[in-house]
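Asker:
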Amino acid sequence: MHRDDALKQFHSGDDRLAELIDDQASSELPAPDTDVPMVSRSVRLPLETYERVRVAADDRGIGVTTLMRQWIEAGLADLDDSATVSLADVRRALATLAHPTAA
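Here the sequence shown stands for residues 303 to 405, where the numbers follow this note's numbering.
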């Protein structure tokens, strides 16, 4: 059905539009990745900054918004001294302690 015809049917109260919608195959929406309620916010970033974030997310095999959320959570944890540290950073620090270099 053409968009204009559908609008005319909608505004005239024609029941055929409702039947057309009912006849359509149901679409499956993706399940949320968390049980925690989320809030969507828009953030304006310079293109270069966004590209750096996108590359960092791709390198980690995660989405851009997931990485941004992780960084925000880590930054907030740092404010209250409950900082999140990556396992790779812990391993590097331990390796440095195990093999100190001469200064």
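Positions of the beta carbon are idealized from the N, C-alpha and C atoms, including for glycine.
(1) Assuming L369 and A359 form a contact by the criterion Cβ under 8 angstroms, report the distance between their Cβ atoms to the nearest whole angstrom.
(2) Would you report the Cα separation of E353 and H313, rounded to the nearest angstrom?
(3) Can the beta-carbon of V366 be found less than 8 angstroms from the beta-carbon of V355?
(4) Short of 6 angstroms in beta carbon distance, which residues of its chain neighbour I374, apart from the five on each side in sequence? Order them along the chain.
(5) Just list the alpha helix (DSSP H) runs in the segment 351-390, keeping only unbroken ones of 4 residues or longer that don't cross its boundaries, in chain order.
(6) What does the alpha-carbon distance come out to for the pair L381 and E330?
(7) Could you check the C-alpha separation between V338 and H401 for me, to the nearest Å?
(8) Closest by CA to R362, which one among A379, S388, S344?
Answerer: Per the coordinate set shown:
(1) For this step, residue 369 is matched to residue 67 along the sequence shown. For this step, residue 359 is matched to residue 57 along the sequence shown. About 4 angstroms; that satisfies the 8 angstroms criterion.
(2) In the sequence shown, counting from the first residue as 1, residue 353 sits at position 51. In the sequence shown, counting from the first residue as 1, residue 313 sits at position 11. Between E353 and H313, the C-alpha separation is close to 45 angstroms.
(3) Position 64 of the sequence shown, counted from the first residue, corresponds to residue 366. Position 53 of the sequence shown, counted from the first residue, corresponds to residue 355. Taking 8 angstroms as the Cβ cut-off, V366 and V355 qualify as a contacting pair.
(4) By one-based count along the sequence shown, residue 374 stands at place 72. For I374, where only same-chain residues beyond five positions count, there are no Cβ hits under 6 angstroms.
(5) As summarised for the segment 351-390, the continuous alpha helix (DSSP H) elements at least 4 residues long and confined to that stretch are 366-381, given in chain order.
(6) Counting from 1 along the sequence shown, the entry for residue 381 is found at position 79. Counting from 1 along the sequence shown, the entry for residue 330 is found at position 28. Cα to Cα, the separation comes out at about 40 angstroms.
(7) Numbered from its first residue, the sequence shown carries residue 338 at position 36. Numbered from its first residue, the sequence shown carries residue 401 at position 99. Each residue's alpha carbon lies about 43 angstroms from the other.
(8) Translated into positions along the sequence shown, residue 362 becomes position 60. Of all alpha-carbon atoms in A379, S388, S344, the one lying nearest the alpha-carbon of R362 is that of S388.
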